[in-house]
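Let me begin by presenting the structure, written as C-alpha cells, before commenting on it.
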Amino acid sequence: MKQKLVVIGGVASGTKTAAKAIRENPDLEITVLTEEDYISYAGCGLPYYIGNVIKEKKHLTVMNPEKFKEKDITVLLHTRAEKIIPGEKKVIAKDMVSGEVKEFPYDKLVLATGAKPIVPPIPGIELKNVFTLRTVTDAVKIRDAVEKEGIKKAVVVGGGFIGLEVAENLTLQGVKVTLVELLDQILPNFDKEIALLAEKHIKEKGVNVYTSEKAVSIEGKDGRATALVTDKRKIEADLVLLSVGVKPNTQLAADAGVELGVKGAIKVNENMETNIHDIYAVGDCAENINLVTGKPAWFPMGSTANKMGRVAALNLYPKGEKESLAGVLGTTVVKLFDINAARTGLSERDARNEGYNIVTVLVPASDRAHYYPGAKNIITKLIVDRTTHRLLGAQIIGEGVVDKPIDIAATVITLRGTVEDMAKLDLAYAPPFSSAMSTTIVAANVAQNKLLGKIDGISPLELERKLSDSQLQIIDVREEAEYVVGSIPGAKNIPLKEIKKRAAEIDRDKETIVVCKIGLRAYLGYLALKSLGVKNLKILDGGVTAWPFKLE
Amino acid sequence: MAEINIDAKFLQCPGPIVQLFNAVKSVQSGDVIIVEATDRGFYKDVQAWCRKTGNELLSLEDGDVIVAKVKKA
Chain E
153 MKQKLVVIGG
163 VASGTKTAAK
173 AIRENPDLEI
183 TVLTEEDYIS
193 YAGCGLPYYI
203 GNVIKEKKHL
213 TVMNPEKFKE
223 KDITVLLHTR
233 AEKIIPGEKK
243 VIAKDMVSGE
253 VKEFPYDKLV
263 LATGAKPIVP
273 PIPGIELKNV
283 FTLRTVTDAV
293 KIRDAVEKEG
303 IKKAVVVGGG
313 FIGLEVAENL
323 TLQGVKVTLV
333 ELLDQILPNF
343 DKEIALLAEK
353 HIKEKGVNVY
363 TSEKAVSIEG
373 KDGRATALVT
383 DKRKIEADLV
393 LLSVGVKPNT
403 QLAADAGVEL
413 GVKGAIKVNE
423 NMETNIHDIY
433 AVGDCAENIN
443 LVTGKPAWFP
453 MGSTANKMGR
463 VAALNLYPKG
473 EKESLAGVLG
483 TTVVKLFDIN
493 AARTGLSERD
503 ARNEGYNIVT
513 VLVPASDRAH
523 YYPGAKNIIT
533 KLIVDRTTHR
543 LLGAQIIGEG
553 VVDKPIDIAA
563 TVITLRGTVE
573 DMAKLDLAYA
583 PPFSSAMSTT
593 IVAANVAQNK
603 LLGKIDGISP
613 LELERKLSDS
623 QLQIIDVREE
633 AEYVVGSIPG
643 AKNIPLKEIK
653 KRAAEIDRDK
663 ETIVVCKIGL
673 RAYLGYLALK
683 SLGVKNLKIL
693 DGGVTAWPFK
703 LE
Chain L
12 MAEINIDAKF
22 LQCPGPIVQL
32 FNAVKSVQSG
42 DVIIVEATDR
52 GFYKDVQAWC
62 RKTGNELLSL
72 EDGDVIVAKV
82 KKA
C-alpha cells in the first residue's frame, strides 16, 4: 500500500513540503488540505497588489490545484482540518462549501497552518472597510474598496512591514494615510535610530505617523468606518487596516497534544519534528532557533518557511542522515518609498537583553563609487561582541542597495565571523557596483578602530538624551556652509582646518562630541582635539547624515 | 548680471554646498550661480541653505544630476 502524507496548509511551506516530498518519494500519496480559496500565493506581494504595482490577481497565485494534480498531489481547497487524532493517525476535515466531513488517514502529517492577523479587541472592528491583510481575498477586498469606492483617507494601525508597505502603496494611489503605532517606534525589529530615519522618510513622503499611540475604537456611520479613535485623537478615515502583527495558527495542533513553544508556535527540533512521532511542523506556525543565541525564537518569514518545508520533506523518509535547519537570523528587508531598510541577527536591544558586552558602529557610505552616476548613500549599523569580536547583528538603511551588504553580514554571522574577518573579505568591485572600500568593509574597519580604542563614539540616541547637559560641548568640524544648512542643536562650528588656530575656544574639561557629515572628518577632528588635551572625547556615530532627530 | 557654472558632480565630502558657498562669496549681488551635483543630499541641503542665507533658489531639478540655480542676494 502507498504511504500517505497529509499536509495541512497550502501557502508557502505546505506546498513546498508537498512538492519536495513527491520529488523525493514518487510513490507517496499526498493530500494538501487548505481552508483558503487560493494556494501557494505570494503573501508578501499583497501590499503591492493593493498598490496596483502587481496588476493582476493571477500573478500572486503561482500555482493552482490543477498544476499540483499534474505532480500527483491532491489539493483540497476550502477544506478545514477540524481535528487531528494522532492515536489513529487521521485528520478530520470539513468541506466548507458542501459541509461534508471527511477523514484523512496519514502515515506522515505535516502542519503548515501558518499565522493569522491579530485583531485588537476594540469596538468597531465589524464595520465595513475595516480590514486585516493576510490572504489574497483580503487584498482583493482592499483594492476593490480603494478603486471602486474612492477612498480618500485611510488609517493603518501597526508600523510593521505589512502596515508600512500598505501605507506606501495607498499613498502612491493618492490616499492620505495616517499610521498609528502603539510602540515608540515603527519597524519594531530594528533599533530605534534606524526606525526613526525610516519614519522621517515616510513623513516626508506624506504619511502621518503617530507613535506611542493606542487605537481605542473605530467609529462608523451607516455601518461603514468613518474614523479611528486613539488615546490621543480622532483620525478621520474611510478605510482602516489593522496590521498589529500575527500569531501562529496552532489551536488544531495544541488540541491534538502537539507541544507549543515560543509565542505559541509549535515546538520543533532542527529536523522539523514535533513531540508527536510522524507529525512535523513547518512555516509560520512553527518556531525556529535563533542562530546567534541558540534559543528558540519565532521568525514568521516566507524565506524561512520554504527552507523548513524542504527540511521536513527530506526527513519524512530519510535516506541516510537527517536533514536539519540549525537556525535563522531573522534577516529581512523592506522598501519604503525611496529608501530600503534591512536587518539580520541581533539588534542592539536584543544583544543587550541577552547580556552581551557590545560595540556598535553607525557608518554612512556610498553604495558604489561616489563618482559613478546613481551612487546612493546607505547607513550601516553593526552590533559586535566586544569580547570575541564576533559580528552579532547588522542593520542597513538608505536610498542605495541594502540587500547585498545585509546578505554579506548574514553570511558572516552564520559562519561565526569576526569584524576582522569581515574587514578582509574579498568582495566584488567595479564602480557601477561597489566602492573600492565597500560599505561592509568600511563599517568593519570602524568597528575595529573602536574595539582597539583608537576612537570612542556616542550613538545619536545617547547624544539626544544628553543635549541639555551643560557639561557637554558639541564641535561641528564641517565647513561653515554645511553647518548653516543644519547641525546638531547646540553645536559650535569650528571647521577641521581651524581647530589648532581656535584652540582657545575649546573647553578641555567638558565632555566633547565631535561631529561631521559622515564621520571621517570627525575622526580627524577627534585626533586633533586629543592632541590639544581634550580628554573626555567622542565622535557622533554616523554624523549629521545618520542623525534621526531635528537639525538646527 | 553674470552667470557662473559650477561643476560639483561626484564630490562626496564636504560636498557641493561648500562649492556653492565659496562661489557666492566671490560674485556680485544679483549674479546667478548654476550648480550641478550628484550628491543626493544636495537636493535638500540647497533648499535649506538658501532659506537660511537669504539667497534665492531660482530653480531646482532632481535626477541623476541635480541642478540648482541660485541668485545671490
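Those sequence lines, one after another, are chains E and L. Under this note's numbering, think of the first position of the first sequence as 153, with each following residue one higher. Under this note's numbering, think of the first position of the second sequence as 12, with each following residue one higher. Each residue gets a CB set at the ideal place from its N, CA and C atoms; glycine is no exception. In this text, all values refer to a predicted model and were calculated from it rather than measured experimentally.
task: Please report the Cβ distance between I510(E) and D537(E), rounded to the nearest whole angstrom; I am assuming they are in contact, meaning their Cβ atoms lie under 8 Å.
output: One-based indexing of the first sequence puts residue 510(E) at position 358. One-based indexing of the first sequence puts residue 537(E) at position 385. Right, the Cβ-Cβ distance comes to about 6 Å (below 8 Å), so this counts as a contact.
M248(E) to D189(E) span [Cα, whole Å]: Here residue 248(E) refers to the residue found at position 96 when the first sequence is read from its first residue. Here residue 189(E) refers to the residue found at position 37 when the first sequence is read from its first residue. Distance between the alpha carbons of M248(E) and D189(E) is about 10 Å.
message: Residues of the segment 611 to 644 of chain E in Cβ contact with chain L at a cutoff of 8 Å, in chain order, please.
response: R630, E631, E632, A633, E634, V636, V637 and G638
message: Determine whether the beta carbon atoms of I294(E) and A367(E) lie at a separation below 8 Å.
response: Sequence index remark: in the first sequence, residue 294(E) carries index 142 (1-based). Sequence index remark: in the first sequence, residue 367(E) carries index 215 (1-based). Going by C-beta atoms, I294(E) is not nearer than 8 Å to A367(E).
message: Per DSSP, what are the beta-bridge partners of N16(L) in this structure?
response: Here residue 16(L) refers to the residue found at position 5 of the second sequence. Bridge partners of N16(L): I45(L).
task: Give the secondary structure of Q623(E) by DSSP, where H, G and I count as helix, E and B as strand, and everything else as coil.
output: Here residue 623(E) is taken as the residue at index 471 of the first sequence, counted from 1. Coil.
task: Label V359(E) either buried or exposed according to how many other C-beta atoms from any shown protein chain fall within 10 Å of its C-beta, with 16 as the threshold for buried.
output: Locating residue 359(E) in the first sequence gives position 207, where the first residue counts as 1. Label assigned to V359(E): buried.
message: Please state the DSSP three-state secondary structure of F283(E).
response: Within the first sequence, residue 283(E) is the residue found at index 131, counting from 1. Strand.
- request: Less than 8 Å between the CB atoms is what I'm expecting for H541(E) and L603(E), so what's the real figure, rounded?
  value: Taking the first residue of the first sequence as 1, we reach residue 541(E) at position 389. Taking the first residue of the first sequence as 1, we reach residue 603(E) at position 451. Confirmed, Cβ separation roughly 6 Å.
message: Is it buried or exposed, L380(E), if we count other Cβ atoms within 10 angstroms and call 16 or more buried?
response: If you number the first sequence from 1, residue 380(E) lands on position 228. It counts as buried.
message: Counting only beta-carbon separations shorter than 8 Å, does A48(L) have a partner in chain E?
response: In the second sequence, the residue the question calls residue 48(L) occupies position 37. Output row for A48(L): interface = no.
query: If you count every other CB in all the chains shown that lies within 10 Å of the CB of Q625(E), and 16 or more means buried, which is it?
result: Counted from its first residue, the first sequence places residue 625(E) at position 473. Classification of Q625(E): buried, given that the 10 Å Cβ count is 16 or more.
query: On the premise that A561(E) lies in contact with T512(E), defined as a C-beta separation below 8 Å, what is that separation, rounded to the nearest angstrom?
result: Residue mapping note: residue 512(E) aligns to position 360 of the first sequence, counting from 1. Residue mapping note: residue 561(E) aligns to position 409 of the first sequence, counting from 1. Not quite, the Cβ-Cβ distance comes to about 13 Å (not below 8 Å), so this is no contact.
query: Can you give the beta carbon distance from G435(E) to A457(E), rounded, assuming they're within the 8 Å contact cut?
result: Taking the first sequence and counting its residues from 1, the one referred to as residue 435(E) is at position 283. Taking the first sequence and counting its residues from 1, the one referred to as residue 457(E) is at position 305. The Cβ separation is near 4 Å, so the contact holds.
query: Does P525(E) get closer than 8 Å to chain L when you measure Cβ to Cβ?
result: Indexing the first sequence from 1 puts residue 525(E) at position 373. With 8 Å as the cut-off, P525(E) counts as an interface residue toward chain L.
query: Just checking, does the segment 206 to 220 of chain E make contact with the segment 174 to 194 of chain E on the three C-beta pairs under 8 Å criterion?
result: yes
- prompt: Can you tell me whether R630(E) is buried or exposed, with buried defined as 16 or more other CB within 10 angstroms of its CB?
  reply: Here residue 630(E) refers to the residue found at position 478 of the first sequence. By the neighbour-count criterion, in which a residue is buried when 16 or more other Cβ atoms sit within 10 angstroms of its Cβ, R630(E) is buried.
message: Can you check whether the C-beta of S518(E) is within less than 8 Å of a C-beta belonging to chain L?
response: Working through the first sequence from its first residue, we reach residue 518(E) at position 366. For S518(E), the answer is yes, since a Cβ of chain L falls inside 8 Å of its Cβ.
- prompt: Is the shortest distance between the beta-carbon of Q29(L) and the beta-carbons of chain E less than 8 Å?
  reply: Working through the second sequence from its first residue, we reach residue 29(L) at position 18. It is worth fixing the name first, because residue 29(L) is Val in this sequence and not Gln. For V29(L), the answer is yes, since a Cβ of chain E falls inside 8 Å of its Cβ.
message: Would you call the segment 304 to 315 of chain E in contact with the segment 413 to 420 of chain E, where contact means no fewer than 3 C-beta pairs closer than 8 Å?
response: no
field: Candidates M153(E), G166(E), G162(E) and K154(E), of which the one nearest A465(E) by Cα
entry: As a first step, residue 465(E) must be located in the first sequence, where it is residue number 313. The shortest Cα separation from A465(E) among M153(E), G166(E), G162(E) and K154(E) belongs to G166(E).
message: Rounding to the nearest angstrom, what Cα-Cα distance links D336(E) and T363(E) in this structure?
response: The residue you call residue 336(E) lines up with position 184 of the first sequence. The residue you call residue 363(E) lines up with position 211 of the first sequence. Computed Cα separation, rounded: 5 Å.
message: By the DSSP assignment, the alpha helix (DSSP H) with A59(L) in it spans what residues?
response: Working through the second sequence from its first residue, we reach residue 59(L) at position 48. Run containing A59(L): F53 to T64, per the alpha helix (DSSP H) assignment.
query: How about V667(E) and D628(E): are their beta carbons less than 8 Å apart?
result: Here residue 667(E) refers to the residue found at position 515 when the first sequence is read from its first residue. Here residue 628(E) refers to the residue found at position 476 when the first sequence is read from its first residue. Cβ atoms of V667(E) and D628(E): closer than 8 Å.
query: Should the segment 162 to 178 of chain E be called in touch with the segment 218 to 237 of chain E, which here means at least 3 C-beta pairs below 8 Å?
result: yes
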